[in-house]
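One structure below.
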Amino acid sequence: MHYRIHAGEKPFSCSVCNKKFSQKKSLTTHYRIHTDEKPFSCDVCNKDFSQKSLLNLHYRIHTNDKPFSCDVCQKKFSQKSHLNVHFRTHTNVKPYSCDVCHKDFSLRGNLNRHIRTHTGEKPYSCNVCHKYFSCRGDLKRHFQTHSNEKLFSCEVCGKKVSQRVNLKKHYRIHTNEKPYSCDICNKDFVHKSSLNRHFQTHGNEKYSL
């Protein structure tokens with residue numbers, strides 16, 4: 003049976019997608035993708051998995067076991083694949099390239115999201131207002147506008163906001179940070195919207211940020 007790996011022989015074929023395998027057990031494991039069968043369950047949180055190996059990796063979340071360490075910065079990871087991805091931050095290796103504009107990415111997921119800027123694809127839909135989004139993160143942030151759930155709290159005054167980016171903007175009130183500056187009179191502002199309103203005081207000169 004082992005010789006099939008070297009010979010490239012794959013006699014076992016999936017009846018759903020026709021993908022071929024050299025071993026029957028590999029086909030059995032693969033088939034669970036189509037049936038959504040997950041026979042391996044975590045006895046800590048009851049999360050289910052299709053493969054025993056995935057369950058073993060998951061257990062490291064509970065044990066905080068991180069056996070893979072970066073040689074450069076000593077950051078530790080629970081999976082070798084995560085270490086490999088992290089290591090690209092040191093080497094600046096970007097193996098995934100956009101066929102349209104040739105921009106390079108270190109992660110395949112980032113490339114997939116980028117491609118949607120060319121295709122206009124928006125696969126994530128809000129089940130409340132049916133608005134579509136190209137990224138799952140954008141959908142999650144949008145959904146908070148419906149739920150009114152305020153997850154992020156200011157450590158200084160306790161004010162709560164629904165989005166992390168809004169909390170970051172709010173902190174400028176306490177730090178007196180004013181990152182937006184008028185090109186005409188050099189007056190500084192906390193928010194970009196305040197700067198845009200200020201520009202109107204300079205008359206008919208058209209400035210756009």
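With my numbering applied, the sequence shown corresponds to residues 3 to 211, in that order.
Virtual Cβ for every residue (Gly too), placed ideally from N, Cα, C.
Option nearest residue 234 by Cα separation, candidates 187, 23, 169, 194 | Outside the displayed span of the chain (3 to 211) sits residue 234, for which this structure offers no information.
Residue 22 bridges to which residues according to DSSP?
-> Working through the sequence shown from its first residue, we reach residue 22 at position 20. Its beta-bridge partners are 15.
Proximity to residue 117 [Cα-Cα], best of 155, 128, 105 = On the sequence shown, residue 117 is found 115 positions in, with the first residue counted as 1. When each option's Cα is compared against that of residue 117, the closest is 105.
What is the rounded straight-line gap between the Cα of residue 71 and the Cα of residue 82?
-> Counted from its first residue, the sequence shown places residue 71 at position 69. Counted from its first residue, the sequence shown places residue 82 at position 80. One C-alpha to the other measures close to 9 Å.
Out of curiosity, what's the CA-to-CA distance linking residue 127 and residue 121?
-> Counting from one through the sequence shown, the residue named residue 127 turns up at place 125. Counting from one through the sequence shown, the residue named residue 121 turns up at place 119. Each residue's Cα considered, the two are about 17 Å apart.
Return the CA-CA distance between residue 210 and residue 65, expressed in angstroms with no decimal places.
-> The residue you call residue 210 lines up with position 208 of the sequence shown. The residue you call residue 65 lines up with position 63 of the sequence shown. With a pLDDT of 42 at residue 210, under the threshold of 50, the modelled position of this residue cannot be trusted; read the value that follows with caution. Each residue's Cα considered, the two are about 52 Å apart.
Please state if the CB of residue 51 and the CB of residue 40 are separated by a distance shorter than 7 Å.
-> The residue labelled residue 40 in the question sits at position 38 within the sequence shown. The residue labelled residue 51 in the question sits at position 49 within the sequence shown. Yes, the pair counts as a contact, with Cβ atoms nearer than the cut-off.
Cβ neighbour criterion (16 or more within 10 Å) applied to residue 109 = Taking the first residue of the sequence shown as 1, we reach residue 109 at position 107. So residue 109 ends up on the exposed side.
Have a look at the DSSP bridge pairing and note the partners of residue 96.
-> Against the sequence shown, residue 96 aligns to sequence position 94. DSSP, once it has assigned bridges, lists no residue as partnering residue 96.
Straight-line CA distance for residue 27 to residue 19?
-> Along the sequence shown, read from residue 1 onward, the residue named residue 27 stands at position 25. Along the sequence shown, read from residue 1 onward, the residue named residue 19 stands at position 17. Approximately 17 Å, taken between the alpha carbons.
Quick one: is residue 208 buried, meaning 16 or more other Cβ sit within 10 Å of its Cβ, or exposed?
-> The sequence position of residue 208 within the sequence shown is 206, counting from 1. Reliability of the predicted coordinates at residue 208 is poor, the pLDDT of 42 falling under 50, and the value obtained from them is presented with this limitation in mind. Answer is exposed; the Cβ neighbour count stays below 16.
Sorted by chain position, which residues of the same chain lie with C-beta nearer than 7 Å to residue 22's C-beta, five sequence neighbours on each side aside?
-> What you label residue 22 is simply residue 20 of the sequence shown in a count that begins at 1. If we look at residue 22 and ignore the five residues flanking it on each side, its Cβ neighbours are 12, 14, 15.
So is residue 199 buried or exposed if we call it buried at 16+ other beta carbons inside 10 Å?
-> By one-based count along the sequence shown, residue 199 stands at place 197. When all chains shown are included, residue 199 counts as exposed.
Just checking my contact of residue 98 with residue 113 at CB under 8 Å: how many whole Å lie between their CB atoms?
-> Residue mapping note: residue 98 aligns to position 96 of the sequence shown, counting from 1. Residue mapping note: residue 113 aligns to position 111 of the sequence shown, counting from 1. With 8 Å as the limit, residue 98 and residue 113 qualify as a contact, their Cβ atoms being about 4 Å apart.
Give me whichever residues DSSP pairs with residue 173 in a beta bridge.
-> Within the sequence shown, residue 173 is the residue found at index 171, counting from 1. None, per the DSSP bridge assignment.
Could you check the C-alpha separation between residue 95 and residue 185 for me, to the nearest Å?
-> By 1-based counting over the sequence shown, the position of residue 95 is 93. By 1-based counting over the sequence shown, the position of residue 185 is 183. So the alpha carbons of these two residues sit roughly 38 Å apart.
Would you tell me roughly how many angstroms separate the C-alpha atoms of residue 175 and residue 192, rounded to the nearest one?
-> Stepping through the sequence shown from its first residue, residue 175 is reached at position 173. Stepping through the sequence shown from its first residue, residue 192 is reached at position 190. Each residue's alpha carbon lies about 8 Å from the other.
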